[in-house]
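> Before I ask anything, let me first share the structure, which is written out below as structure tokens.
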Amino acid sequence: MSQNINISKIETSKVDTLDFNNIPLGKTFTDHMFICDYEHGHWINPRIEPLRFIPIHPAAMALHYGQAIFEGMKATINANGIPMLFRPEKNAARLNFSAHRMGMPDFPEDLFVEGLRQLVALDKNWIPPQEGSALYLRPFMYADEFFIGMRAATSYKFIIIASPSGHYFSKPIKLFAETKYIRAAQGGTGEAKAAGNYAAAIKPSEIAKAKGYDQVLWLDAHNFNFIQEAGTMNLFFKINREIITPSLDGAILSGITRMSVIELLKDKCYKVTERPITIEEIIEAYKDGTLEEAFGTGTAVGIAMIEEIRYKETTIHVSDENPVAQMVLNTLNGIRSGSLEDKHHWMNKIEMDLGVTL
Ligand code: COI
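This is how it looks when you write it as structure tokens:
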């Protein structure tokens, strides 16, 4: 690790106020946050502090020009009470991929992982123990220089906050294939985890929700035909025993759950293909009875079973049974909780003594 992380602890933890059996999604935050400043070309003063509001200048450039990126990841706890992170080095690398695209500085990847490890160690009592629940971690970076004008900012903040989370979806979901709005085009920012991508998706998502759908299924920007991804997840389709996921075409986010699921499926000897796939092909497979399953993958959603897709006037009823998605979900949960062997060495165990009473 390149720099020491200063820790100031809160006096009294608020963890006792949390009902672990009823965790409101994204509404509860742990006692502490990690924070680091970028000034004069360097990341300085990495620290963990009690969670607090952050003062921001009204001309902070992130508010005006959108230099803001984030990551999503989860910490779980194994049967021996050891907190574990899932492939944190992949999130560190993806944050920097997003930073490059958005003209923002790299964040040191070792400090990213160490900051997460120390924050999770300090707030480990907030990790929900139930399988399928986790401590959701949200690393993010934004331009905090105050300036009116169009250029890359010169000062930034990198922060990690943590929020205990239960299930994102409690039942199979319905997707609405959008044929008016787009999420991303090649050459745009779709493959970065940029806050603006989500901003542009909010209105279409609200329209889809008002029609009774859980998320938007995004189609390509040219012909509204090739499937990209859904609201907060990558997509997988099982057609005629083969599992197909849209290839990363420059407009799709490279999901860490996506890449892990591809590896898990290959371990189990499924034929997995990354290739362009159209909505027409899904409709054909539905009509001829070869569409066997569809599911989404993402950090927040985990594995989401898809029961229905709406495209223009066509409603595709996918399947009531999701054996492959269920197997993938159980395997990921098992690896995360430590009940299954972690043969790819994905779990980063946090066995550290911070020299403070936790
Ligand atoms: C995640 O799955 O971690 C995401 O970042 C999606 C978020 C908008 C809930």
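All residue numbers for the sequence shown refer to numbering that gives the first Met the number 0, where the first residue is 0 and numbers rise by one. For glycine and all other residues, C-beta sits at the position ideal for the given N, C-alpha and C.
Using 8 Å as the cut-off, can you tell me whether the region 339–354 makes contact with the region 71–88, which would need three or more C-beta pairs spanning the two stretches below that distance?
Yes, since at least three Cβ pairs between the region 339–354 and the region 71–88 fall closer than 8 Å, the two stretches touch.
> Using only alpha-carbon positions, find the residue among N79, I159, D15, G71 that is nearest to P45.
Here residue 45 refers to the residue found at position 46 when the sequence shown is read from its first residue. The shortest Cα separation from P45 among N79, I159, D15, G71 belongs to I159.
> For V317, name the three-state secondary structure that DSSP assigns.
Residue 317 sits at position 318 when you count from the first residue of the sequence shown. V317 falls in the coil class under three-state DSSP.
> With a cut-off of 8 Å on the beta carbons, I'd call A184 and Q66 a contact; round off their distance for me.
Against the sequence shown, residue 184 aligns to sequence position 185. Against the sequence shown, residue 66 aligns to sequence position 67. No, A184 and Q66 are not in contact; Cβ-Cβ is about 20 Å, not under 8 Å.
> Is V323 near the ligand COI, with its Cβ less than 8 Å from a heavy atom?
By one-based count along the sequence shown, residue 323 stands at place 324. Because no heavy atom of the ligand COI lies under 8 Å away, the Cβ of V323 does not count as near it: no.
> Return helix, strand or coil for V355, following the three-state DSSP convention.
Along the sequence shown, read from residue 1 onward, the residue named residue 355 stands at position 356. Confidence is the limiting factor: at V355 the pLDDT is only 49, short of 50, which leaves the residue's position unreliable, though a coordinate-based value still follows. V355: coil per DSSP, three-state reduction.
> Give the DSSP bridge partners of F85, in chain order.
Here residue 85 refers to the residue found at position 86 of the sequence shown. BP columns for F85 point to M346.
> Less than 8 Å between the CB atoms is what I'm expecting for E70 and P127, so what's the real figure, rounded?
As a first step, residue 70 must be located in the sequence shown, where it is residue number 71. As a first step, residue 127 must be located in the sequence shown, where it is residue number 128. Their Cβ separation, rounded to whole angstroms, is 20 Å, which puts E70 and P127 out of contact at 8 Å.
> Which ranges does the alpha helix (DSSP H) cover as unbroken runs of at least 4 residues, wholly within the region 238–289, from first to last along the chain?
Correct list: 255–266, 278–286.
> How is F111 classed by DSSP in three states: helix, strand or coil?
Position 112 of the sequence shown holds residue 111. The answer is helix: DSSP assigns F111 an H, G or I state.
> Hey, quick one: how far does the alpha helix (DSSP H) through N44 stretch, first residue to last?
Translated into the one-based positions of the sequence shown, residue 44 becomes position 45. From DSSP, N44 is part of no alpha helix (DSSP H) but of the beta strand (DSSP E) over 41–49.
> Going by DSSP, name the residue or residues bridged to N5.
Your numbering for residue 5 matches position 6 in the sequence shown. R46.
> Quick check on this structure: which residue in M304, G230, Y155, S132 has the alpha carbon closest to the alpha carbon of D319?
Along the sequence shown, one-based indexing puts residue 319 at 320. Among M304, G230, Y155, S132, the Cα nearest to that of D319 belongs to M304.
> Assign I201 to buried or exposed, taking buried as 16 or more other Cβ atoms, counted over all protein chains shown, within 10 Å of its Cβ.
Along the sequence shown, read from residue 1 onward, the residue named residue 201 stands at position 202. Under this definition I201 is an exposed residue.
> Heavy atom of the ligand COI less than 8 Å from the Cβ of G71, yes or no?
As a first step, residue 71 must be located in the sequence shown, where it is residue number 72. Yes, the beta carbon of G71 sits closer than 8 Å to at least one heavy atom of the ligand COI.
> Would you tell me roughly how many angstroms separate the C-alpha atoms of T356 and N77, rounded to the nearest one?
What you label residue 356 is simply residue 357 of the sequence shown in a count that begins at 1. What you label residue 77 is simply residue 78 of the sequence shown in a count that begins at 1. Summary for T356: the model assigns pLDDT 43, below 50, so the residue's position carries little reliability; its value from the coordinates is reported in the next sentence. Straight-line Cα distance between these residues: approximately 21 Å.
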